[in-house]
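S.K.: In this note's numbering, the protein residues as written are 5 to 86.
Heads up, the beta-carbon is just placed ideally off N, CA and C, and yes, glycines get one too.
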Amino acid sequence: MIEGALSFVTVPTLLAERGDALAAAGTLDLSAVDHVDSAGIACLLELRRRSGGTLQLTAIPAQMQALADFLGVGTLLGLQEP
5 MIEGALSFVT VPTLLAERGD ALAAAGTLDL SAVDHVDSAG IACLLELRRR
55 SGGTLQLTAI PAQMQALADF LGVGTLLGLQ EP
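Now the structure itself:
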């Protein structure tokens, strides 16, 4: 689970300290994320890459879905059908 902001400020530490474990988790609950920016979306893309594309994202906040749709990466994140 990721909690709080998933942003330019928090992403470097998150990836360094928990990136491999999060990628290996199989499923990542995002219900406690209260803010996301483009760095957060890039973080999720990196976690999916590390997992070989198998990491499933659940409980996607509306703001995250909207930003992923705007950036055109929803399919890469597994948020919508290809």
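(1) Take the Cβ of MET5 as the centre, count every other Cβ of all protein chains shown within 10 Å, and call the residue buried at 16 or more, exposed below.
(2) One question on the structure: do LEU51 and LEU32 come within less than 8 Å of each other, judged by their Cβ atoms?
(3) Can you round the beta-carbon distance between ALA36 and SER11 to whole angstroms, since I take them to be within the 8 Å contact cut?
(4) Kindly give me the distance between the Cβ atoms of LEU80 and ILE64, rounded to whole angstroms, as I take these residues to be in contact under 8 Å.
(5) CB-CB under 7 Å to LEU61, same chain, minus the five flanking residues each way: which ones, in chain order?
M.R.: In short:
(1) exposed
(2) yes
(3) Going by Cβ atoms, the distance from ALA36 to SER11 rounds to 14 Å, so no, they are not a contact pair.
(4) Rounded, the Cβ-Cβ distance is 14 Å, inconsistent with contact.
(5) LEU32, LEU34, LEU48, LEU81, GLY82, LEU83
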